[in-house]
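Encoded as structure tokens, the structure appears first; notes follow it.
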Amino acid sequence: MRIAIDAHGGDHAPQAVIEGVKMASREWPDTTIILVGCDESVLPEPLPGVVFKKVTEVIEPDDEPVRSVRRKKDSSIVVGCRMVKEKEADAFISGGNTGALMAAGLFYTGRLPGVDRPALAPVLPTLSGKGILVLDVGANPEARAEHLHQYAKLGSVYAERVLGFEAPRVGLLNIGTEEGKGTELNKAAFALFQEDESLRFLGNVEAREVLYGPCEVLVCDGYSGNILLKNTEGVAKAVFDRLKQELTQNLLTKLAGAILKPGLKRFAKEMDYKEHGGAPLLGLAGPIIKAHGSSDATAFFNAIRQARRFVENNVMVQLEAEFSRGRGE
């Protein structure tokens, strides 16, 4: 197995990427990791199973996605996506510019036949510890009902084959649980989900229920999904910041904090995005994974784990079969 990773992607690159790659090379000696970057010196020492792919350009976080992909054809993001297309790598991971990664994926890797728009699909932590796959969270701010239906099919296959959920339940993000709630988009998507017997559709899901894990796959348009994602991250940070303040105010609260610390650490780990790796761009014609921009070494290690499961479990074959059935092939 060959997994390519962007040496320049993320707020803490290349150091965090290199440390994550070191961890992965020790854990999976049967996997070749291809580090895509401009300067081979970022790899301070030879690592077993790690090779370097030299490029000459980098797409910066504030670069305009489509223009930068067209102009910087020898950038780490473009080359990584092209490697998947040309079978030089089985998967590609980047913590860099999300828009550029999506554009490069579309231009150079291509779409899965039968998919109109790929979706960005992270796993949001839940109180159950299992997580919930949410798609789309920003790849396409606007969508049609048939796009949401495709997201449900993509998410169901991925949740089962990579995340290990047996017969995953699908929910539709909405402002109420009753049938007939929401916008015309929600109503039309609801009807399509109901008609598809291959989906285990449980109905509408309100945002306040998401962290309790009411389903394994939650479908929404990219605009709503991005708001949900950012709000969830913000609330989690605010809660932990406030807890830290309250538990360090005086001697009594510090003693209470010492007692609660093991439980709080377990809870913090369960709610940490780093434990889930990255977000696949489902619907592309190859495994492309977007790591969180602030990923540390652990997050990149888990993104590599995620890519391995994607490839090991033949997810692309399953997705192709699912959409071939939809086209009557």
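Read left to right, the sequence shown gives residues -13 to 315 (our numbering). Every residue, glycine too, gets a C-beta built ideally from N, C-alpha and C.
* Start and end residues, alpha helix (DSSP H) containing residue 169 -> It is not in any alpha helix (DSSP H) - residue 169 carries neither H nor E in the DSSP assignment.
* Asked: Is the Cβ-Cβ distance between residue 182 and residue 138 less than 9 Å?
  -> yes
* Asked: Are the beta-carbon atoms of residue -1 and residue 39 separated by less than 9 Å?
  -> no
* Assuming residue 70 and residue 95 form a contact by the criterion Cβ under 8 Å, report the distance between their Cβ atoms to the nearest whole angstrom. => 5 Å
* **Candidates 91, 83 and 55, of which the one nearest residue 72 by Cα** => 91
* Could you tell me if residue 245 is buried or exposed, where buried requires 16 or more neighbouring beta carbons within 10 angstroms of its beta carbon? => exposed
* From residue -8 to residue 288, what distance separates their C-alpha atoms? -> 15 Å
* Asked: So what's residue 290 in DSSP terms, helix, strand or just coil?
  -> helix
* State the DSSP-derived secondary structure class of residue 45, mapped to helix, strand or coil. => coil
* Residues of its chain near residue 188, where Cβ-Cβ distance is below 8 Å and the 5 sequence neighbours each way are ignored -> 155, 156, 157, 200 and 201
* Determine, using beta carbons only, whether residue 6 and residue 17 come nearer to each other than 9 Å. => no
* Asked: How do the stretch 265 to 276 and the stretch 286 to 302 stand: do at least 3 beta-carbon pairs fall below 8 Å, yes or no?
  -> yes
* Best match in 128, 197 and 178 for proximity to residue 113 [C-alpha to C-alpha] -> 197
* Asked: Does DSSP classify residue 19 as helix, strand or coil?
  -> strand
* Asked: Taking C-beta to C-beta, are residue 27 and residue 43 nearer than 9 Å?
  -> no
* To do: Look up residue 316 in the DSSP assignment and say whether it is helix, strand or coil.
  => The first residue shown for the chain is -13 and the last is 315, placing residue 316 beyond what the model contains.
* **Run of the alpha helix (DSSP H) containing residue 51, from where it starts to where it stops** => 51 to 57
* **Given residue 136 as reference, the closest of 179, -13, 160 and 278 once Cα atoms are compared** => 179
* Asked: Which residue's Cα is closest to the Cα of residue 296: 145, 211, 3 and 132?
  -> 145
* **Three-state class that DSSP yields for residue -11 in the structure shown** => strand
* Since residue 79 is in the beta strand (DSSP E), which residue starts that stretch and which ends it? -> 77 to 80
* Test item: CB-CB of residue 285 and residue 269 under 9 Å -> no
* Asked: What is the residue span of the beta strand (DSSP E) that residue 204 lies within?
  -> 203 to 205
* Asked: Between residue 147 and the rest of its own chain, which residues show a CB-CB distance below 7 Å, the 5 nearest in sequence each way excluded?
  -> 299, 301 and 304
* With residue 264 as the anchor, note down where its beta strand (DSSP E) starts and where it stops. => 264 to 268
* Asked: Rounded C-beta distance between residue -5 and residue 81? I'm assuming under 8 Å.
  -> 4 Å
* Could you spell out where the beta strand (DSSP E) holding residue 190 opens and where it closes? => 186 to 191
* When burial is assigned at 16 or more other CB atoms within 10 Å of the CB, is residue 216 buried or exposed? -> exposed
* Compute the Euclidean distance between the alpha carbons of residue 68 and residue 243, then round it to the nearest angstrom. => 50 Å
* Asked: Where do the ends of the beta strand (DSSP E) carrying residue 316 lie?
  -> Only positions -13 to 315 of the chain appear in the structure, and residue 316 is not among them; the question remains open.
* If you drop the 5 nearest sequence neighbours on each side, which residues of the same chain put their C-beta closer than 6 Å to that of residue 205? -> 134, 137, 138 and 158
* Asked: residue 223 to residue 279, Cα distance in whole Å?
  -> 16 Å
* Report yes if the CB atom of residue 88 is closer than 9 Å to the CB atom of residue 104, and no otherwise. => yes
* Residue range of the unbroken alpha helix (DSSP H) whose run includes residue 213 -> 208 to 232
* Asked: If we ignore side chains and look at the alpha-carbon of each, how far apart do residue 21 and residue 140 end up?
  -> 28 Å
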